[in-house]
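Protein chains in written order, with the numbering used here: chain A, 141 to 590; chain B, 52 to 421; chain C, 32 to 216. Quick notes on the structure that follows.
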Ligand code: NA
Ligand code: NA
């Protein structure tokens, strides 16, 4: 069934319907031959209703709204310009500021597309004008754009947290352990913080290193415009409010004060008020934000519906038992299983994006891995990092598509591909780092929550 | 594949088969039909007591029917979400379901009377009402329009009052409290100014940890320990005034049940009644061990609700129950039957169980930790 | 077949219907943000948790993501694996979309419509209320969103079939490749 689904997906019809349609065909075929129990399909409306009333997932449209608002009201753009101002005169300074702003945008929106497109539109022309090599410029933008997946608050982590939490309970019960620690979205948020920041640091180190080894690829730059005093004022004006917003949203979740949904609601309204204060909140902006939010939300939830139908049919055929058996018989034990899962997810990342992998693959493999004794936060972050990398992998990384969409025509696609390769290596390095020091992910949650 | 298993079955089972099925032996070589059923539950798979009970029932039934009824048990969310269990059985998606009646109060308000009533019957009294006091007939009548046949499917006994992160010194302290508490107890909490939430067990830990709720009750020490609620709450209050003997519920799709031959229906019926009794026995055996672990090893702070809180809650419960009985015809009927049984049984309980429990230990020695 | 054929005109009518539905629904996002914020303020400032209002957020969210799915389909924003698709000619894309709509999308939404019918009817028969003490007593309406989504999807599905038939017949150009633009996330 997996193989057929992959084939159907390759044809290019929307993923949600490809998943559900193929599963449906398999179910009907099975029913015709009397090997599939129709009762499994009968559970579809119950599953849909479960999706409709899942309170964790309500954070998704709210975070999307917040991201769209920051983007459409140009708050994100101003943030970048002001940040570049801070690093003028430093070799690779513009690249560093792109990485930092990417991180902030990532933190606040969590939408890869939004970050890459925004950064592509506002920083790519500037970088090229300052003599940055196209590869370095596009690579930096693509990579920092994907930080939204890993730096909380992140929609990917919200979705992954939902899946991991039930996988973890399942795993413990399979072992007969009944005094469980539970893993929540908040745990993943905290766990992702340090690995996310290390990634930013590695990106910056790379950019600065290139600037010193090959100055022509990343020259230093002066001021972008005149009048020192006004710039000073603008700097604080542009930097402070979004920073406060981000810290407030993130902080209230991490401190356990608010639920992710509540924090997302406050963040969405906060972004709107910020846009209003900047006099950027016309009826048109509001309308565009609403419509964009609607389309992205529908896209996400329709995939969830497709994945729900797929998983019902998969279960109806006893597929989950099969996978469990497969992993339990795997040589090399937990390490072998983990490596196989990571490679599989990495490869699937070439054709699927994080939502499909989170909802189709993770529920199947995570309980088995967790049962073998892996830490759920660590596993969650490993998967999140892996999925983040898949946004970057040529030729199908979504980040690359988005940047291609907004890059000037003289930039060749091959330059973009070449540009992201060092960043993919950094990602893989980070995965290895995290494998040897799981504390990077688990340390902070342990410290905060005991 | 059941004919092969039959051949290899032990002589003991063979003997039983022969004794039990004289008529089948007379009917020439008709192949026994097998019934492959799905049971959806509101609990995580294999959850202590609540989830292992259904699992054990499935094993028992399989053995007693020599594989003719083969039930696969699904945990909450495996096939349908926890609170969708009733719908799934009603529409025939699953043939059986295990949960608790008060989870479907949005569909059948009367179902709450067949789960538990604040300050109502204990487990022992409840089983008297259901099986020998007219309760089961009403229970079935309430579920009949949905094509569902209910049984009491286990009982937790008196539950605990719940996990709180602040002290409850007066009813005022319940104001503004967002607490997971199902059934009529939830309505009472609302009367006291709190906000009740009806949430399946599997979501409790995360909800309390992330602040979606401020407090929660679950079942008793055995089950509460299993969810690790002690890790995220300061006080463990008793007694469970709101759930003095919660009956869990086994439901079977009526069409599926009616398709079974008489002898299989009888086996299913007896197996469910056995499960009903056995689960209470399991809770009785495990709760005290779990409480000791919670208090001595996990350092949980055990608190008793102050008397005036209990007194106020009792008054509010009476009002709430009466209101519920007025709102819905079937609930009214259930209430009448429940109340008249309660009025009859309580005086005798007072001079039997209650007096005995009071005299069993020398005064003062059996007092629970304060 | 030409640009003024009834087929193309019908496509236009269906498209407009979907577009207007989606644009109207989009405004509900503002309601959702404000409601969530109100819930937070009531909870943390006034110590009052309102299940009713929280369920309103759930209802709003479900309404938007279910009923605007057809609108998202029209805007071609349901994510695809476009490695091969991107390189196809206009007619090649039209063929994929035609076959996909006929053999994947329409069967799926018709299947959901059929299986949810009984589910929703059972809820209407008893005017199912919330399982929460102070919830919204209209679960039957919430559940009704499922079949309504299917009907809207079928309407837009028919529009997609007609449009792609028209493209294959040469009456319409296939809209430019769905490269993400500034508009697109
Ligand atoms: Na990808
Ligand atoms: Na309880």
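Using N, Cα and C, we set each Cβ at its ideal position, and we do this for glycine too. Keep in mind that this is a model prediction, so the values were computed, not measured.
Partner residues on chain A for residue i, Cβ-Cβ distance less than 7 Å
{"i": "residue 89 (chain B)", "result": "179"}
{"i": "residue 138 (chain B)", "result": "186"}
{"i": "residue 88 (chain C)", "result": "198"}
Partner residues on chain B for residue i, Cβ-Cβ distance less than 7 Å
{"i": "residue 457 (chain A)", "result": "Near residue 457 (chain A) there are no residues of chain B at all, since even the closest Cβ is about 13 Å away, more than 7 Å."}
{"i": "residue 157 (chain C)", "result": "158"}
{"i": "residue 216 (chain A)", "result": "Those within 7 Å of residue 216 (chain A) in chain B number zero; the least Cβ separation is about 28 Å."}
{"i": "residue 170 (chain C)", "result": "157"}
{"i": "residue 117 (chain C)", "result": "Ordered by position in chain B, no residue passes the 7 Å Cβ test against residue 117 (chain C), which lies about 37 Å from the chain."}
{"i": "residue 150 (chain C)", "result": "138 and 142"}
{"i": "residue 78 (chain C)", "result": "227"}
CB-CB length for residue i against residue j, believed under 8 Å
{"i": "residue 335 (chain B)", "j": "residue 208 (chain B)", "result": "6 Å"}
{"i": "residue 152 (chain A)", "j": "residue 111 (chain C)", "result": "5 Å"}
{"i": "residue 244 (chain B)", "j": "residue 226 (chain B)", "result": "4 Å"}
{"i": "residue 67 (chain C)", "j": "residue 88 (chain C)", "result": "6 Å"}
{"i": "residue 273 (chain B)", "j": "residue 354 (chain B)", "result": "With a Cβ gap of about 19 Å, residue 273 (chain B) and residue 354 (chain B) do not count as contacting."}
{"i": "residue 478 (chain A)", "j": "residue 444 (chain A)", "result": "Contact flag wrong, Cβ pair sits at about 26 Å."}
{"i": "residue 232 (chain C)", "j": "residue 161 (chain C)", "result": "An answer regarding residue 232 (chain C) cannot be provided, because it is not within the stretch 32 to 216 covered by chain C."}
{"i": "residue 85 (chain A)", "j": "residue 132 (chain B)", "result": "Since the first residue shown for chain A is 141 and the last is 590, residue 85 (chain A) is missing from the structure and cannot be characterised."}
{"i": "residue 150 (chain B)", "j": "residue 300 (chain B)", "result": "6 Å"}
{"i": "residue 450 (chain A)", "j": "residue 163 (chain A)", "result": "4 Å"}
Within chain C, the residues that residue i reaches when beta carbons sit closer than 9 Å
{"i": "residue 389 (chain B)", "result": "Those within 9 Å of residue 389 (chain B) in chain C number zero; the least Cβ separation is about 20 Å."}
{"i": "residue 260 (chain B)", "result": "Simply none; closest approach about 16 Å."}
{"i": "residue 369 (chain B)", "result": "What residue 369 (chain B) touches in chain C: nothing, since even the nearest Cβ is about 17 Å away."}
{"i": "residue 204 (chain B)", "result": "Within chain C, no residue comes near residue 204 (chain B); the closest Cβ sits about 19 Å away, beyond 9 Å."}
7 Å Cβ shell around residue i - same chain, five flanking residues per side excluded
{"i": "residue 106 (chain B)", "result": "97 and 124"}
{"i": "residue 281 (chain A)", "result": "238, 256, 259, 260, 263, 264 and 543"}
{"i": "residue 564 (chain A)", "result": "529, 532 and 533"}
{"i": "residue 269 (chain B)", "result": "252, 255, 275, 278 and 280"}
{"i": "residue 17 (chain B)", "result": "Given a span of 52 to 421 for chain B in the structure shown, any question on residue 17 (chain B) remains unanswerable."}
Own chain residues within Cβ distance below 6 Å of residue i, not counting five before or after
{"i": "residue 258 (chain A)", "result": "211 and 216"}
{"i": "residue 235 (chain A)", "result": "280, 347 and 358"}
{"i": "residue 163 (chain B)", "result": "153, 156, 234 and 235"}
{"i": "residue 136 (chain C)", "result": "188"}
{"i": "residue 331 (chain A)", "result": "517, 521, 581 and 585"}
{"i": "residue 198 (chain C)", "result": "125 and 205"}
Amino acids of chain C, ordered along the chain, whose beta-carbon sits closer than 8 Å to that of residue i
{"i": "residue 248 (chain B)", "result": "82 and 163"}
Neighbour list for residue i in chain C, Cβ cutoff strictly below 7 Å
{"i": "residue 158 (chain A)", "result": "135"}
{"i": "residue 238 (chain B)", "result": "164"}
Proximal residues of chain A, C-beta to C-beta of residue i below 9 Å
{"i": "residue 191 (chain C)", "result": "Near residue 191 (chain C) there are no residues of chain A at all, since even the closest Cβ is about 11 Å away, more than 9 Å."}
Residue range of the unbroken alpha helix (DSSP H) whose run includes residue i
{"i": "residue 231 (chain A)", "result": "Per DSSP, residue 231 (chain A) belongs to no alpha helix (DSSP H) and is neither H nor E."}
{"i": "residue 277 (chain B)", "result": "272-278"}
{"i": "residue 518 (chain A)", "result": "516-530"}
{"i": "residue 303 (chain B)", "result": "It is not in any alpha helix (DSSP H) - residue 303 (chain B) instead sits in the beta strand (DSSP E) that spans 298-304."}
{"i": "residue 511 (chain A)", "result": "502-511"}
{"i": "residue 289 (chain B)", "result": "Here residue 289 (chain B) belongs to no alpha helix (DSSP H); instead the beta strand (DSSP E) covers 286-289."}
{"i": "residue 191 (chain B)", "result": "186-194"}
Proximal residues of chain B, C-beta to C-beta of residue i below 9 Å
{"i": "residue 160 (chain C)", "result": "156, 157, 158 and 160"}
Residue i, enclosing beta strand (DSSP E) - first and last residue
{"i": "residue 246 (chain B)", "result": "246-248"}
{"i": "residue 43 (chain B)", "result": "For residue 43 (chain B) there is no data in the structure shown, the boundaries of chain B being 52 and 421."}
{"i": "residue 186 (chain A)", "result": "Premise fails: residue 186 (chain A) lies in the alpha helix (DSSP H), 184-192, not in any beta strand (DSSP E)."}
{"i": "residue 92 (chain B)", "result": "86-92"}
{"i": "residue 206 (chain B)", "result": "199-206"}
Interface residues of chain A facing residue i [CB-CB closer than 8 Å]
{"i": "residue 212 (chain B)", "result": "Residues of chain A passing the Cβ test: none, with the nearest at roughly 21 Å."}
Cut-off 8 Å between Cβ atoms - residues of its own chain near residue i, not counting five sequence neighbours on either side
{"i": "residue 328 (chain A)", "result": "292, 297, 300, 301, 304, 517, 520, 521 and 524"}
{"i": "residue 116 (chain B)", "result": "315 and 318"}
{"i": "residue 119 (chain B)", "result": "53, 83, 84, 85, 86 and 315"}
{"i": "residue 367 (chain B)", "result": "239, 242 and 243"}
Give the list of continuous alpha helix (DSSP H) stretches no shorter than 4 residues that lie fully inside the segment 61-139 of chain C. With a minimum length of 4 residues, the continuous alpha helix (DSSP H) runs that stay inside the segment 61-139 of chain C are 82-98, 100-105 and 121-131.
Report the start-end ranges of each beta strand (DSSP E) in the segment 99-165 of chain B that is 3 residues or longer and not cut off at the edges. Listed in chain order, the beta strand (DSSP E) elements of length 3 or more contained wholly in the segment 99-165 of chain B are 120-125 and 147-150.
Every unbroken alpha helix (DSSP H) within the segment 373-456 of chain A, with a cutoff of 4 residues, ordered by chain: 400-417 and 423-456
Suppose only complete runs of 4+ residues qualify. What are the alpha helix (DSSP H) ranges in the segment 286-335 of chain A, listed by chain order? Counting whole runs of 4 or more residues, the segment 286-335 of chain A contains the alpha helix (DSSP H) stretches 295-315.
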